[in-house]
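Structure, as structure tokens:
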Amino acid sequence: MEVPGMDVTVLQQSPAARKSIGKTGVLIVNLGTPDSPSVPDVRKYLREFLMDGRVIDIPYVQRYALVNGIIAPFRAPKSAKVYREVWTEKGSPLKYYGEVVERELQRQLGDNYVVKLAMRYQNPSLEAGLSEFQKLGLTDIVVIPFFPQYASATTGSVYEKVMEIVGKWQIIPRIEFTNSFLDHPKFIEGFAQRARPYMDKESFDHYLFSYHGLPERQIRKGDVTGTVCKLGDCCSSLHPQNQYCYRAQCFETTRLLVRALGIPEGKYTTTFQSRLGKDPWIKPYTEDVVQELGQKGIRSVLAFSPAFVADCLETTIEVGEEYKELFEKHGGKRWQLVESLNDSPIWIELLVDLVKKAG
């Protein structure tokens, strides 16, 4: 029976969908992790990750041959070994912390929100999280990529994949994306809180801020005017012309943390890690700086990884262990990694702020 003035679609919705009317979906998204540290699962993860045209931005045929013919087959066994080092009884730390944050954020936001964790690559998938929102009939969605600084290969890739999925829906909801949050006071204070206990116990000779690297060509592509990016002093400040430059945002993050912690000029360095391939990546390279610090007589370093909000292979192993060994090999004595935000209360508070601002 058709009722005048009544929306028939509402009558046809499931009880769960009707109950969700007026709620906002919150999709929190991290990069991803293998389902297990086994070689097949790591190979599967690497293939999905590296076949993303925003990650390795070369023509498809070349990318396919590189990833499936060289990188995935030969790198998977080595990567699996490293993943086993960081794996816990609860699984991948990146996924575990994400699940804790998902629960706590849901608790703090309350019943007017539906929070789902997703990974850009592997599980839980973006498709699964968005499909849940669709089934609930949510018409407002907030997407928060867990990347403090914007990059095409991270935040941009999440944007593209979300719109690819939602673009196939009959009804496209209102979607708000968080672009970056490097200058949010609670992000800066969160890392400062992690660092202060170490700084209160001892005085470090130097402070290293290591960020995930990108090929230089990706930074240049971001300068659509072709007039700003010089991959040098142009990153000494963040302004409207370079506000989406990943390298400039990283240097700005360092400046904000240095100011919050009262670190003197000349006692800190911003660097970039995790190079892949022979093409030049953004500089300075972390491994080169770490070696130089040891050779120059620097005996103690407090290291930060402010491009990551959850500890993972790149923080715990690469910065926490591999660079420590390199530093000591060249004369260094004390190397300490500052933990990521993980599931800290201030990180949850920051996410609540981002959701409320978007909503």
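Using the numbering used here, read the sequence shown as starting at 77 and increasing by one per residue.
Ideal placement from N, C-alpha and C gives every residue a C-beta, glycine not left out.
Here the structure is a predicted model, which means the values were calculated and not measured.
With contact defined as three or more Cβ pairs closer than 8 Å, the stretch 284 to 293 and the stretch 334 to 348 are in contact. In this structure L185 is not in contact with V105, their Cβ atoms being roughly 16 Å apart against a cut-off of 8 Å. Excluding the 5 residues flanking it on each side, W411 has same chain C-beta neighbours closer than 6 Å at V377, K400 and F403, in chain order. Classified as exposed, R160 has fewer than 16 neighbouring CB atoms from the shown chains inside 10 Å of its CB. Here R270 is not near V395, since their CB atoms are 8 Å or more apart.
Secondary structure note for W411: its beta strand (DSSP E) is the uninterrupted segment R410 to L413. When secondary structure is reduced to three states using DSSP, N144 falls in the helix class. Three or more Cβ pairs closer than 8 Å define a contact, and the stretch 136 to 153 falls short of that threshold against the stretch 175 to 194. The bridge partners DSSP lists for K192 are L103.
Every unbroken stretch of the alpha helix (DSSP H) spanning 4 or more residues and falling wholly within the stretch 241 to 308 is given here in chain order: 261 to 277 and 292 to 298. Taken in chain order, the complete beta strand (DSSP E) segments of 3 or more residues contained in the stretch 371 to 431 are 376 to 380 and 410 to 413.
Taken through DSSP and simplified to helix, strand or coil, Q319 comes out as coil.
Collapsing the DSSP output to three states places S233 in a helix.
As a beta-bridge residue in DSSP terms, F348 pairs with Y287 and Y361. Assigned with DSSP and collapsed to three states, Y226 falls in coil, not helix or strand.
Within the model, the alpha-carbon separation for D187 versus P221 is close to 22 Å. Straight-line spacing of the CA atoms in K192 and L170 works out to 15 Å.
For P116, the enclosing alpha helix (DSSP H) covers residues V115 to L126. The C-beta separation of W423 from G266 comes to about 6 Å, placing the pair in contact by the 8 Å criterion.
For V219, the beta-bridge partners assigned by DSSP are L103 and F253. For S312 and L332, the gap between their C-alpha atoms comes out near 12 Å. By the neighbour-count definition (other C-beta atoms within 10 Å, threshold 16), T164 is an exposed residue.
Counting the other Cβ atoms within 10 Å of the Cβ of T330 gives 16 or more, which makes it buried. Apart from sequence neighbours up to five positions away, the residues of its chain that approach L314 with a beta-carbon distance below 6 Å are A324 and E328, ordered along the chain.
Less than 8 Å divides the Cβ of V162 from the Cβ of T392. Counting C-beta pairs with one atom in each stretch, the stretch 211 to 228 and the stretch 244 to 252 have three or more that are closer than 8 Å, which means they touch. Rounded to the nearest angstrom, the Cβ distance from Q225 to S256 is 6 Å, consistent with a contact under 8 Å. The beta-carbon distance between A336 and I248, rounded to whole angstroms, is 40 Å. This is too long to meet the 8 Å contact definition. Fewer than three beta-carbon pairs drawn from the stretch 349 to 356 and the stretch 364 to 378 are found closer than 8 Å, and the two stretches are therefore not classed as touching.
Residues of the same chain with a CB within less than 8 Å of the CB of P356, apart from the 5 flanking positions on each side, are P291 and E292 in chain order. Separation of I374 and K166 (C-alpha to C-alpha, rounded to the nearest whole angstrom) is 38 Å.
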